[in-house]
Structure formats: C-alpha cells, structure tokens
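Protein chains: 2
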Amino acid sequence: MPTYTAPTKDMQFILHDVLKISQAKTPGYADLEPDFTGAILEEASKLTSEVLAPLNASGDKEGCRLENGVVYTPKGFKEAFEKVKEGGWPGLDMPEQYGGQNMPAVIGSAVGEMFSSANMAFTMYQGLTHGAASAILAHGTDAQKDLFLPKMVSCEWTGTMNLTEPHCGTDLGLMRTKAAPQADGSYKITGQKIFISSGEHDMADNIIHLVLAKIEGGPEGIKGVSLFIVPKVNVNEDGTLGARNGASVGSIEDKMGIHGNSTCVMNYDEATGYLLGEEHKGMRAMFTMMNEARLGVGMQGVAQAQVAYENALAYAHDRLQGRAVTGVEAPDKPADPLIVHPDIRRSLMDQKSFTEAARAFILWGATMIDAAHRSEDKDADGLVSLLTPVIKGFLTDVGYDMTVKAQQVYGGHGYIEEWGMSQFTRDARIAMIYEGANGVQALDLVGRKLAQDGGKHVMAFFDLVKSFCKDNAGQDAAFDKDFIEPLKAASKDLQAAGMFFMQNGMKNPNHALAGSNDFMHMFGHVCLGLMWGMMGKAANDALAAGTTDATFYETKLATGRYYMARQLPATALHLTRIQSGADTVMALDAANF
Amino acid sequence: MPTYTAPTKDMQFILHDVLKISQAKTPGYADLEPDFTGAILEEASKLTSEVLAPLNASGDKEGCRLENGVVYTPKGFKEAFEKVKEGGWPGLDMPEQYGGQNMPAVIGSAVGEMFSSANMAFTMYQGLTHGAASAILAHGTDAQKDLFLPKMVSCEWTGTMNLTEPHCGTDLGLMRTKAAPQADGSYKITGQKIFISSGEHDMADNIIHLVLAKIEGGPEGIKGVSLFIVPKVNVNEDGTLGARNGASVGSIEDKMGIHGNSTCVMNYDEATGYLLGEEHKGMRAMFTMMNEARLGVGMQGVAQAQVAYENALAYAHDRLQGRAVTGVEAPDKPADPLIVHPDIRRSLMDQKSFTEAARAFILWGATMIDAAHRSEDKDADGLVSLLTPVIKGFLTDVGYDMTVKAQQVYGGHGYIEEWGMSQFTRDARIAMIYEGANGVQALDLVGRKLAQDGGKHVMAFFDLVKSFCKDNAGQDAAFDKDFIEPLKAASKDLQAAGMFFMQNGMKNPNHALAGSNDFMHMFGHVCLGLMWGMMGKAANDALAAGTTDATFYETKLATGRYYMARQLPATALHLTRIQSGADTVMALDAANF
Chain A
1 MPTYTAPTKD MQFILHDVLK ISQAKTPGYA DLEPDFTGAI LEEASKLTSE
51 VLAPLNASGD KEGCRLENGV VYTPKGFKEA FEKVKEGGWP GLDMPEQYGG
101 QNMPAVIGSA VGEMFSSANM AFTMYQGLTH GAASAILAHG TDAQKDLFLP
151 KMVSCEWTGT MNLTEPHCGT DLGLMRTKAA PQADGSYKIT GQKIFISSGE
201 HDMADNIIHL VLAKIEGGPE GIKGVSLFIV PKVNVNEDGT LGARNGASVG
251 SIEDKMGIHG NSTCVMNYDE ATGYLLGEEH KGMRAMFTMM NEARLGVGMQ
301 GVAQAQVAYE NALAYAHDRL QGRAVTGVEA PDKPADPLIV HPDIRRSLMD
351 QKSFTEAARA FILWGATMID AAHRSEDKDA DGLVSLLTPV IKGFLTDVGY
401 DMTVKAQQVY GGHGYIEEWG MSQFTRDARI AMIYEGANGV QALDLVGRKL
451 AQDGGKHVMA FFDLVKSFCK DNAGQDAAFD KDFIEPLKAA SKDLQAAGMF
501 FMQNGMKNPN HALAGSNDFM HMFGHVCLGL MWGMMGKAAN DALAAGTTDA
551 TFYETKLATG RYYMARQLPA TALHLTRIQS GADTVMALDA ANF
Chain B
1 MPTYTAPTKD MQFILHDVLK ISQAKTPGYA DLEPDFTGAI LEEASKLTSE
51 VLAPLNASGD KEGCRLENGV VYTPKGFKEA FEKVKEGGWP GLDMPEQYGG
101 QNMPAVIGSA VGEMFSSANM AFTMYQGLTH GAASAILAHG TDAQKDLFLP
151 KMVSCEWTGT MNLTEPHCGT DLGLMRTKAA PQADGSYKIT GQKIFISSGE
201 HDMADNIIHL VLAKIEGGPE GIKGVSLFIV PKVNVNEDGT LGARNGASVG
251 SIEDKMGIHG NSTCVMNYDE ATGYLLGEEH KGMRAMFTMM NEARLGVGMQ
301 GVAQAQVAYE NALAYAHDRL QGRAVTGVEA PDKPADPLIV HPDIRRSLMD
351 QKSFTEAARA FILWGATMID AAHRSEDKDA DGLVSLLTPV IKGFLTDVGY
401 DMTVKAQQVY GGHGYIEEWG MSQFTRDARI AMIYEGANGV QALDLVGRKL
451 AQDGGKHVMA FFDLVKSFCK DNAGQDAAFD KDFIEPLKAA SKDLQAAGMF
501 FMQNGMKNPN HALAGSNDFM HMFGHVCLGL MWGMMGKAAN DALAAGTTDA
551 TFYETKLATG RYYMARQLPA TALHLTRIQS GADTVMALDA ANF
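Those protein sequence lines, which keep their order, are chains A and B.
Oh and the first sequence: position 568 is 568 in the UniProt record's numbering, straight run, nothing missing.
Oh and the second sequence: position 296 is 296 in the UniProt record's numbering, straight run, nothing missing.
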C-alpha cells in the first residue's frame with residue numbers, strides 16, 4: 001500500500017532560500033519566518049500522512065454510494081473530515097472576520113499540495129468549499145457573507161460549483177438551466193447540472209451550491225448567465241436551517257478515478273436561489289472561483305506526481321532485479337535494487353526534476369496572488385492571469401505523465417490495484433479535464449492571455465527571465481553553462497513562437513490556435529527552467545555561505561542540471577511544430593478523416 | 001457506448017498499394033490477391049464489430065470471478081469464443097497439418113489488430129494460446145506436437161505462459177519454481193507463478209500451461225531454467241483427458257484494466273510437466289513465444305489507439321460546442337461540432353497519423369516474419385529481431401498516449417466509465433508493461449540488438465531508409481520537401497545517436513543505457529517516417545495512374561505530411577537528450593534522491 005510523506009524540507013527551501021518570503025513586502029509576509037512556516041507544515045504533514053493518506057486507497061476501492069437520495073462517503077471520511085475541521089485547516093487562508101486564520105495563499109498552497117497528495121478525492125470536498133466561499137467573498141452582499149461564510153470557512157457547510165449541463169461544458173452559452181425571479185427578490189432555479197464534484201454527501205449539515213442559470217427574458221447566450229447561491233437546505237435569516245430546498249442528487253457517476261469524491265448529477269426543481277453578484281454577470285463571478293480552482297487543479301497534478309514519485313522511489317530502492325551494468329552493487333543480495341539501472345534513474349529524475357520545479361512554480365505563483373490581493377499589485381495580478389492556464393494545463397498534463405512513469409517503475413505490480421499506483425494515474429487523469437479541459441487552457445493562453453493589456457504581461461514575463469539571466473550570469477562558468485544558457489535558449493524559443501503567432505495569426509487565427517497546446521507546454525518548460533535557475537542560484541548561495549547541509553543543496557543543483565539538459569530542450573520541438581503552422585493540421589475536410 | 005469498425009480499406013491499401021504482397025516472392029504470398037484478402041478482412045470485420053466489440057464494455061464492467069477454484073469469464077464470452085472457434089480464426093496462420101489454414105503472418109496480423117481493437121481482454125485468451133502453440137511447434141517433439149497442437153490450434157484447449165514469480169519478473173534467474181525429474185521422464189513442477197493471463201477460465205476443456213522452472217541440481221541463475229508443458233488436466237496418450245493435474249488458480253488479480261481476462265496467481269503443486277525443448281534451455285524456447293508475444297503486444301497498442309480514435313472522431317463530429325474561430329460553420333445548429341477547433345484537429349491528426357503508420361509498420365514487419373519463416377531469409381529474420389523491441393516499446397508507449405488523447409476529446413464524459421473511453425486507456429496501459437516492460441525493451445534494443453551480428457541489422461535498416469530516399473527523390477519537389485527531406489533528417493539524427501553510443505558507451509555503458517528510451521522512441525519515429533514515405537509514394541503513384549478514389553489517396557498524403565511536419569521532428573529532441581549523456585542521469589547517490 002502506498003504511503004505519503006510531505007516534502008516539507010523542499011517546501012521550506014522554496015519558501016525561504018528561493019522566495020525569501022519573510023523578507024517580501026507583501027502584508028502578512030513578515031511573520032512567515034522559517035520556524036513559523038515550518039511548524040505549520042509539520043502539523044499539516046502529520047495530519048496528511050497519518051489521517052488522510054491511509055484513507056486514499058480504501059476510499060478508491062469503496063467509492064461513494066447513493067441510497068434514497070443520500071450519498072454515503074467511504075468509511076473513515078467523516079471522522080477524518082472532523083479532524084480537518086478541528087485543526088482549522090479549511091480556513092487557513094480565509095479572513096479572520098469569518099473565522100479563518102488569514103494566512104497568505106503561499107502557505108495555503110503548500111498545505112494544499114499535501115492534502116491533495118495524501119487524498120485527492122477527500123480534499124476536493126473542502127477545495128470546492130474554498131472556491132465557493134471565495135466567490136461569495138468577492139461578489140456577495142454583506143448579508144450573504146455574514147450568513148454563509150462563517151459556516152463555509154469552517155467547512156461546517158461545504159460548497160459546490162455547478163456549471164456543466166449534459167449538452168454543454170466549455171460552451172456555457174448553450175446553458176438551459178433557468179432562474180425565475182420571485183417577488184421577494186429570490187429566484188426559482190430549474191434545470192439539470194452534471195459532473196458536480198462533492199454535490200451531495202454525508203459530511204456536512206448543509207451544502208451551498210453555486211449555480212449558473214439564465215434569468216428568464218435575459219440576453220441570449222453567455223451574456224445572459226447569472227450566478228446563484230442555492231443551499232441544499234434553506235437557511236433562515238438567523239443562520240438556522242429551514243426546510244429542504246428543491247436541490248437533489250439524481251445519480252452519482254461511475255468514474256475512472258477520484259472514487260472517494262461524489263460526482264453528482266444535480267437536479268434543481270424550482271429550488272430557491274439568491275443572485276450572487278450582478279444579473280447576467282454570472283461568468284465574471286464564477287471566474288473568481290474558476291481561476292482559484294484552476295490553480296488548485298494545477299497543484300493536483302503536481303501533488304499526484306509527488307506521491308506517485310515517492311512510492312516509485314521506495315520501490316526502486318526495495319525491489320531487487322538484475323545487476324548494474326557497471327558492476328554488482330549489492331553483492332550481499334541476490335540482485336541489485338532497481339535504482340541502479342540507468343533507465344529507472346531517467347524515469348525517477350524526470351519525476352523529481354519536474355515535481356520540485358512545479359512546486360516552486362506554484363508557490364512562486366502564490367506569492368504573486370498574495371501581492372495582487374494584499375498589495376493590489378496590478379502587475380502581479382496580470383502575471384497570475386497569464387500564468388493560470390500554464391499552471392493548470394501544463395502541470396496537469398505533465399503531472400499525469402509522471403504518475404504513469406511512477407506506475408511503470410513497478411512493472412506488473414503497477415497494474416494491480418492492490419499496489420495503489422494505478423489510483424494515482426486514475427485520479428490525476430481528471431485534472432487534465434475539469435475546470436476547463438487543457439485544450440481550453442491552451443486556447444485561453446494563446447487566444448486571450450497573450451494579447452491581454454496589449455501583451456503587457458507576457459512582456460513582463462520575458463523581462464523577468466531576462467533579468468534573472470542578466471543578474472546571475474558571469475559569476476560562475478558552470479552555472480552559466482548548466483543553467484543560464486539553457487534558460488536563455490528556451491526563452492528565445494518561446495519568444496520566437498510568440499513572434500510566429502503575431503506574424504501569422506492575424507492572417508489566419510488557426511496558425512496560432514494549431515500551436516496553442518505546444519505553446520502552453522513550452523511556456524511551462526520555460527517557467528520550470530526559470531524555477532530551476534532560481535533554485536540553482538539559491539543552492540549555490542547556500543553552498544557559498546557555508547552550510548552544514550551541503551548534500552541537500554548539491555542535490556538541488558544536480559536535479560536542476562538534469563532538467564536543463566533533458567527536459568528544457570523540449571521547447572525546440574514545440575517551436576518546430578508551431579512554426580509548421582496550421583496547414584497540415586487543418587488540411588483535411590472534416591468528412592475525410 | 002463505443003463502437004468499432006475495422007479499418008479494412010486502410011489495411012487493403014497497406015497490403016496491396018504499399019507492400020504489394022501478392023507480387024512478393026515469399027511462399028504463399030502469390031495467393032494474396034486483393035479480392036482474397038479483402039474477403040478475409042470483411043469476414044473478420046463483421047465478427048469483430050458484431051460479436052466481440054459489443055462485449056468489450058460489459059466484460060470490463062463485470063470482470064472475471066473466481067469461485068471454488070473455477071474462474072467464470074464475463075457474460076457472453078463463452079458464446080463468442082464458440083463463434084470464433086467455429087470460424088477457424090485461432091488457426092488462421094497455423095499449419096494445416098494441425099488443423100490451421102496456413103495463412104501468412106501478414107494476414108494474421110491484420111486480423112489480429114481487429115480482434116484486439118474490438119475486445120483486447122477477450123482476444124488474449126486466443127492470443128496466449130497462439131503463442132504457446134508456436135513454442136510447441138518450434139521446440140516440441142513430434143509426439144508433443146501431435147498430442148497438443150490440434151486442440152490448441154482450434155482453441156478447444158487454450159494456452160498460457162508462466163514466467164513471473166512474486167519476487168522476479170525481468171530477472172528470471174531469481175526464479176524459485178522447481179522441477180523434479182521422475183522415473184518416467186516427466187517432472188514434478190512445484191512453485192508459484194503470478195500475472196498469468198488466461199490462467200484459468202471456463203471457455204475450454206483444458207489449459208496447456210507453459211511453465212519456466214529450474215530442474216533440481218541444474219546450473220544457477222538463468223542458465224538453469226527449463227520450459228515445461230503442464231496441462232491443467234492430464235492428457236492421455238490417445239489425447240483423451242485424464243485426471244486433474246496439480247495446477248490450480250490461487251486468486252485472480254484486481255487490475256486497472258483488461259478485466260475480461262483472468263490474470264491468475266497459479267500454484268503448481270507437484271504438477272506433472274513435460275520438458276519442452278532442451279534441459280536448461282528454457283529461455284530459448286520461451287523466447288519463441290515471447291518474441292511473438294512482443295509483436296502482438298505492440299499491435300495491442302495500435303489496436304487500442306485505433307478504436308479510441310474512431311470513437312473520438314465520432315464524438316468530435318457529434319458534439320456541438322463553441323464556434324470555429326474563422327467563422328460559424330454550422331449556422332443551422334446552436335454550435336459547431338468539436339472538429340472545427342484547431343486543437344481538436346491537432347489531437348485527431350496526432351492519432352490518425354500515428355495509427356495508420358503504426359499499422360503499416362506492423363504489417364511490414366509481418367512480411368519480414370513471413371520471409372524469415374517461409375523463405376529462411378536470414379536478413380529479414382535479423383531485421384525483425386532488431387525491430388521487435390521498437391514495435392513493442394514504441395508502439396505501446398505512443399499507442400497509450402493516443403488513447404489518452406482520444407479520451408481527452410470527450411472532455412468530462414471521457415472520465416465517466418459509461419462512455420467507454422476510460423477503458424481504452426486502462427486496457428492499453430498494460431501493453432507498456434507486460435512481455436517485458438518498455439524500459440527492458442529499450443535495454444534490449446540498445447544493449448543487445450544494436451550490436452547483434454556486428455551491427456549488421458541496424459546497418460541494413462539504415463540502408464533501407466537510404467535506398468528509399470534515393471529511389472524516390474528528385475521526381476516531385478513537393479514529395480521531396482514534405483517526405484524525403486524530413487525522413488533523411490530524422491534518419492541522420494538516429495545515426496548520430498548510434499554514433500554517440502559507439503563513441504561513449506565503450507567508456508561507460510551508462511552513456512548508452514541512459515539514452516535507451518530516447519533511442520527506442522527515435523527509432524520508432526524513423527520507422528513510422530519510413531512508412532509514411534512508402535505510403536506517400538504509393539498514394540502518389542495511385543494518383544498519377546489515375547484513380548477513381550482520389551480523395552482517399554490525397555487524404556493519405558495530407559496525413560503523412562502532418563506526421564512528417566509535426567511528429568517526426570521529435571528525433572531531434574531525443575538526440576539532444578541522448579547526447580547529454582549519463583552524467584546528469586546518474587549524478588545522484590541513490591540515497592540522495
């Protein structure tokens with residue numbers, strides 16, 4: 001059975017050696033000294049490895065069960081959820097006003113990764129609640145906030161987001177769910193929503209559904225969509241629970257993975273709903289939630305890669321098979337451990353070098369979210385907006401691939417459910433799909449984010465890379481060769497791709513969109529290359545300053561060199577594909593496929 | 001629910017336009033005129049789409065069940081197996097002497113792909129039987145052949161291969177199963193084998209297990225391994241069934257996929273076994289079976305990619321979502337079909353261009369197997385030996401990726417089991433693992449096959465590519481640019497990688513083995529590039545000759561151009577990785593991961 005041990009040391013390295021968060025100007029960051037963040041991470045580590053991880057495989061095997069309109073979560077989930085609530089984890093980065101601890105997002109992200117690694121299906125119950133609470137926080141009236149947020153921040157009530165309908169996912173303008181205005185200012189919501197994560201379950205007294213619907217008589221298509229708060233149980237003005245609302249679960253889906261999370265078909269039958277934000281501006285309000293969710297999903301990709309890697313590494317140490325080609329390494333044993341074999345090393349290094357840089361990318365992104373929210377730093381906000389599709393799309397595509405690689409290390413045992421490696425790939429698979437399938441992320445990046453604010457944010461990103469290279473070149477020939485030069489080359493590829501889009505996308509937008517997936521991937525590689533540059537520099541600085549933990553920092557440098565030599569050069573292939581344009585992609589008439 | 005329609009037209013194109021099989025000198029090929037092969041393919045197509053494909057999803061859902069030592073296959077399997085036997089399909093390419101139809105392997109391969117696409121788990125029952133029969137055919141005594149083959153060729157009895165034990169898969173030298181010689185020349189086999197596909201089931205009167213074991217007192221390690229015929233039910237000399245043998249199923253595995261196939265833990269408790277081939281030469285005998293199985297597994301990768309693609313394509317036509325960026329394409333509908341979107345096209349073209357070339361690669365390989373077997377063509381035999389790990393490793397790695405891409409086209413519905421796309425990825429996943437995990441294939445290719453017979457076979461392969469380019473260049477500027485030049489460039493990359501191994505692998509074999517996976521993939525790309533060259537040329541010839549089906553041939557050319565522009569350039573990335581050597585791969589002490 002797989003286990004999970006949170007990479008707290010790596011997280012501390014990123015937070016303090018690399019990002020130096022306690023020295024940043026962002027309000028709230030001054031408190032984030034290493035001892036303080038270390039204590040939080042250790043607590044979270046304990047909870048996730050001891051309480052959540054042991055329920056991961058059993059939750060997968062048992063799944064959720066629907067009986068007479070009630071969904072039963074797997075054995076142990078309810079008790080574990082109580083422990084999570086007792087620890088105040090759901091409100092970690094929520095405002096104190098509503099019972100939260102007001103920690104910055106960078107801490108919430110580090111802890112969130114642990115939760116997702118330990119038990120992705122379980123963590124989604126609180127993850128969706130967090131997203132729904134954020135939307136209410138951003139768009140709700142004071143009365144709505146006061147009524148719903150305290151219970152949601154504590155996870156006494158959980159939340160959901162309801163977008164998809166049977167005939168529409170990406171194209172929400174086709175939506176059919178209706179909202180009929182009532183005399184008291186509320187609405188009656190009627191329609192069916194599908195793929196509703198945590199839509200119904202037995203772990204909370206109430207579920208606050210955020211539901212997209214069209215107000216009767218409003219504009220056609222996406223411009224007529226509004227967002228509504230639809231409680232499972234009606235809430236009285238004093239916060240007590242009233243009668244059951246007209247929201248019910250129709251069925252739960254039989255999915256490839258995340259079996260421990262109840263994915264529901266939800267039926268709304270004249271359910272009472274309350275407008276959240278403005279009429280017909282539902283997409284804007286939903287995007288508060290969606291953007292947060294996309295970053296969270298990117299993290300899920302990394303989290304599954306991390307836990308899968310940990311177990312693959314343990315297996316590579318334990319499993320004895322064959323002998324090292326350069327000579328016997330374990331003469332006292334009948335065979336050498338798998339880890340002596342170069343191709344197993346390659347796989348493990350792929351996993352390790354991706355996961356560590358991806359974590360840094362997410363935490364770096366979180367510092368920008370904090371800067372945007374806490375300091376109203378508009379540049380940081382723009383950069384997060386640009387990078388959101390990269391974090392979601394690239395990290396889940398590659399994160400999934402890494403779980404497949406980890407599974408492969410187990411050979412035949414990787415295919416047997418009992419060993420648990422299959423679950424990591426099955427769970428990770430959904431992250432490429434939900435909250436906007438990765439093709440939609442690539443479209444968002446190339447079709448929308450690149451040109452946003454006149455291309456200002458992508459320019460800022462290139463400047464960041466350029467500054468990093470300039471500031472850190474010429475001091476250490478090995479660092480220049482191993483880190484700076486590859487990063488420069490990759491960044492140049494990315495710029496060339498952007499140039500190709502500019503020059504050709506105007507003539508025919510297909511020339512840009514046919515390369516969108518490649519662009520998202522090359523962008524991701526450049527981001528991870530930058531992260532390895534920053535981590536390499538931090539490691540070099542620590543070594544130069546004289547550290548008692550030289551092995552740790554030297555390992556960081558060696559892992560970074562691997563990424564730079566073996567993964568980052570993928571940008572050249574992506575560029576080749578992009579520069580081949582749309583002609584071969586669009587050549588066939590649809591009928592001739 | 002997914003459907004399957006066999007790509008018979010594509011198969012006929014490869015067999016006749018490209019490979020021109022009926023003109024080849026190989027004995028038996030003269031009969032293979034288009035009408036004749038077309039009739040066989042149509043029959044197989046009917047059976048696979050009407051009988052086998054409808055049982056695929058239900059077989060996955062129901063799985064196999066073990067009760068009191070008996071394994072029950074899913075509903076409908078038994079009846080379908082009867083139909084397969086009635087049609088004589090299991091003996092299609094087996095000798096007439098034992099009841100087969102003596103068709104060449106190239107026909108067996110085309111039909112085999114259909115069976116695997118339609119129902120991979122089901123097809124494994126006869127696939128393993130075929131492999132076991134081939135081993136008996138190659139290594140058995142006349143008496144053994146006469147006793148076992150007629151029933152195995154008809155699939156009245158099925159077969160298995162028993163290699164893996166709990167502590168050893170790749171490293172079979174660690175094997176513990178024992179064979180004790182008996183006075184009558186038989187052996188008593190005792191030990192446990194795991195991951196035994198089709199190990200026990202209810203569709204045949206007997207199961208002929210081929211079991212690797214060590215004869216007591218024999219040499220240590222792999223040199224003391226022998227192969228035994230161990231019937232589930234003892235067979236009397238007159239071919240009638242005797243008493244039950246000491247071979248029993250311990251449990252069936254709960255796997256990620258291929259649920260319809262019973263993967264068994266097999267216990268041998270002083271079971272009577274008969275030596276197959278020579279004492280202590282069991283690996284040689286097993287490799288007859290294994291090499292056949294590896295080619296079959298490569299085909300499974302392609303077969304799953306094919307059926308997944310067909311369904312993704314249908315969904316891309318049906319599902320309406322969004323509008324084409326270049327303008328509305330279906331004004332009468334609420335939205336355009338998915339297939340208008342460039343990123344969906346990219347995914348479909350990736351799938352289509354891979355699957356068609358991979359099929360050609362397998363059928364081309366099968367013609368060489370036929371040449372080797374029927375004409376004792378040693379060069380063909382050497383080339384097949386070289387290409388076997390490429391067919392197995394590359395086609396299953398990429399085939400799996402393609403099923404993931406096909407699943408992605410479905411968005412959220414791809415994750416729901418009811419839609420069936422998850423099964424294709426779950427089933428395809430095993431093909432990367434069994435019959436030698438793909439890392440072992442890469443090791444076999446680089447560590448063994450490259451240098452085999454003084455490197456003669458890899459030289460022959462390069463000569464083939466060179467000749468193709470030379471013979472077909474300079475006639476058509478577009479063909480040169482779109483097909484010949486990319487193929488030349490990719491082949492040059494592959495040669496450069498081989499050169500790097502030669503120059504650096506002697507100093508340290510890790511420099512070769514750290515690049516083995518990349519080498520296998522670039523080799524695969526060059527093979528598919530060659531196939532697209534051959535298919536492109538055939539299409540051009542047909543168009544020049546004046547065809548009534550110009551669209552078909554033009555579509556081939558367009559698909560080939562896509563592969564050449566978008567997929568084949570991956571060789572450059574693989575070369576970059578290979579040339580970075582083993583240093584970054586092996587840098588870390590095992591303890592520092």
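Where a beta carbon is used, it is the ideal one built from N, C-alpha and C, also for glycine.
Pair within 8 Å by beta-carbon distance, residue i and residue j
i: residue 299(A); j: residue 116(A); result: yes
i: residue 1(B); j: residue 163(B); result: no
i: residue 280(A); j: residue 218(A); result: yes
i: residue 594(A); j: residue 161(A); result: Outside the shown range of chain A (1 to 593) lies residue 594(A), about which nothing can therefore be said.
i: residue 66(B); j: residue 249(B); result: yes
i: residue 519(A); j: residue 497(A); result: yes
i: residue 22(A); j: residue 32(A); result: yes
Burial state of residue i, where buried means 16 or more other Cβ atoms lie within 10 Å
i: residue 577(A); result: buried
i: residue 6(A); result: buried
i: residue 545(B); result: exposed
i: residue 336(A); result: buried
i: residue 421(A); result: buried
i: residue 182(A); result: exposed
i: residue 142(B); result: exposed
i: residue 151(B); result: buried
i: residue 471(B); result: exposed
i: residue 603(A); result: Residue coverage of chain A in this structure runs from 1 to 593, which leaves residue 603(A) outside it and unanswerable.
Inter-residue CB distance, residue i and residue j (contact presumed, cutoff 8 Å)
i: residue 482(A); j: residue 564(A); result: 6 Å
i: residue 261(B); j: residue 197(B); result: 6 Å
i: residue 165(B); j: residue 193(B); result: 6 Å
i: residue 29(B); j: residue 144(B); result: 30 Å between Cβ atoms; not a contact.
i: residue 427(B); j: residue 257(B); result: 4 Å
Residue from the options with nearest C-alpha to residue i
i: residue 137(A); options: 554(A), 313(A), 100(A); result: 100(A)
i: residue 500(B); options: 582(B), 419(B), 132(B), 369(B); result: 582(B)
i: residue 353(A); options: 244(B), 588(B), 112(B), 75(B); result: 588(B)
i: residue 266(B); options: 282(B), 177(B), 303(B), 436(B); result: 177(B)
i: residue 76(A); options: 59(A), 65(A), 86(A), 91(A); result: 59(A)
i: residue 269(A); options: 223(A), 213(A), 94(A); result: 213(A)
C-alpha distance - residue i paired with residue j, whole-angstrom precision
i: residue 276(A); j: residue 319(A); result: 55 Å
i: residue 446(B); j: residue 484(B); result: 26 Å
i: residue 88(B); j: residue 156(B); result: 11 Å
i: residue 348(B); j: residue 309(B); result: 7 Å
i: residue 488(B); j: residue 511(A); result: 26 Å
i: residue 552(B); j: residue 537(B); result: 14 Å
i: residue 492(B); j: residue 571(A); result: 21 Å
i: residue 118(B); j: residue 48(B); result: 6 Å
i: residue 241(B); j: residue 235(B); result: 5 Å
i: residue 437(A); j: residue 172(B); result: 43 Å
i: residue 252(B); j: residue 64(B); result: 8 Å
Distance cut-off 7 Å: residue i Cβ against heavy atoms of the ligand NAP
i: residue 317(B); result: Ligands displayed in this structure: none; no statement on the ligand NAP is therefore possible.
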